[in-house]
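S.K.: For the sequence shown, position 66 (counting from the first letter as 1) is numbered 66 according to the numbering used here, and the numbering increases by one without interruption.
Take a look at the following structure, please.
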Amino acid sequence: MGDLNNKRIFVTGGSKGLGLEICQALLNSNARVVTCARSKTSKLEDFENKFGKAFTFIPADLSNEESVLSLIDQAGLITQPYDGFVANAAIGADGLLTMMPKAGIQQALNVNLYSVILLTQAVLKGLLASQTSGSIVF
1 MGDLNNKRIF VTGGSKGLGL EICQALLNSN ARVVTCARSK TSKLEDFENK FGKAFTFIPA
61 DLSNEESVLS LIDQAGLITQ PYDGFVANAA IGADGLLTMM PKAGIQQALN VNLYSVILLT
121 QAVLKGLLAS QTSGSIVF
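Pasting the structure below:
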């Protein structure tokens with residue numbers, strides 16, 4: 001990855017797995033990263049200590065609409081344009097669909113689809129308002 005000097009990137013699901021690795025790679029490329037997850041991990045605390053103001057963690061539950069709307073405000077997705085958005089957060093649905101409870105289906109749809117739509121909408125509003133360009137990765 002090239003030098004992303006001061007580029008501002010928003011990454012969902014940055015606390016573990018692929019999202020954590022994406023955050024690490026972006027930070028190592030001099031980007032400013034804002035990420036969210038349900039809870040802060042020790043690795044995210046390490047990022048805060050190592051990268052200072054270049055890294056921001058915002059706790060959010062993407063299965064909850066109120067939490068997503070609060071995240072949009074806290075991250076400034078509409079008011080502060082971002083250079084990139086990586087929609088990484090997702091949950092899997094274990095087992096047979098025929099046996100999955102409706103609450104599990106709804107949670108998967110909220111995290112994997114509805115929150116992504118709301119966050120993408122906010123990022124696009126910010127880009128349009130600032131008349132700048134950016135990248136969105138799903």
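Where is the CB? At the ideal position from N, CA and C, for every residue including glycine.
Bear in mind the structure is a predicted one, so any value in this text is a computation, not a measurement.
Contact defined as beta carbons within less than 8 Å: I believe L119 pairs with V68. What is the distance between those atoms, to the nearest angstrom?
M.R.: L119 to V68, Cβ: 7 Å. Contact.
S.K.: I'd like the span of the beta strand (DSSP E) that includes A37, first residue to last.
M.R.: Its beta strand (DSSP E) spans residues R32 to A37.
S.K.: If you measure between the beta carbons of G13 and A90, is that distance less than 9 Å?
M.R.: Yes. Within cutoff.
S.K.: What does the alpha-carbon distance come out to for the pair D83 and S133?
M.R.: Cα to Cα, the separation comes out at about 7 Å.
S.K.: Using the Cα positions of P176 and S63, report the straight-line distance between them to the nearest angstrom.
M.R.: As displayed, the chain neither begins before 1 nor continues past 138, which places residue 176 out of reach and without an answer.
S.K.: In the DSSP assignment, find the alpha helix (DSSP H) that holds S67 and state where it starts and stops.
M.R.: Where S67 is concerned, the enclosing alpha helix (DSSP H) stretches over E65 to A75.
S.K.: In terms of residues, what are the limits of the alpha helix (DSSP H) holding T79?
M.R.: Where T79 is concerned, there is no enclosing alpha helix (DSSP H), given that its DSSP letter is neither H nor E.
S.K.: For a test of the three-state rule: what should DSSP assign to T41, helix, strand or coil?
M.R.: In the structure shown, T41 falls within a coil segment according to DSSP collapsed to helix, strand and coil.
S.K.: Residue range of the alpha helix (DSSP H) that T120 falls in?
M.R.: S115 to S130
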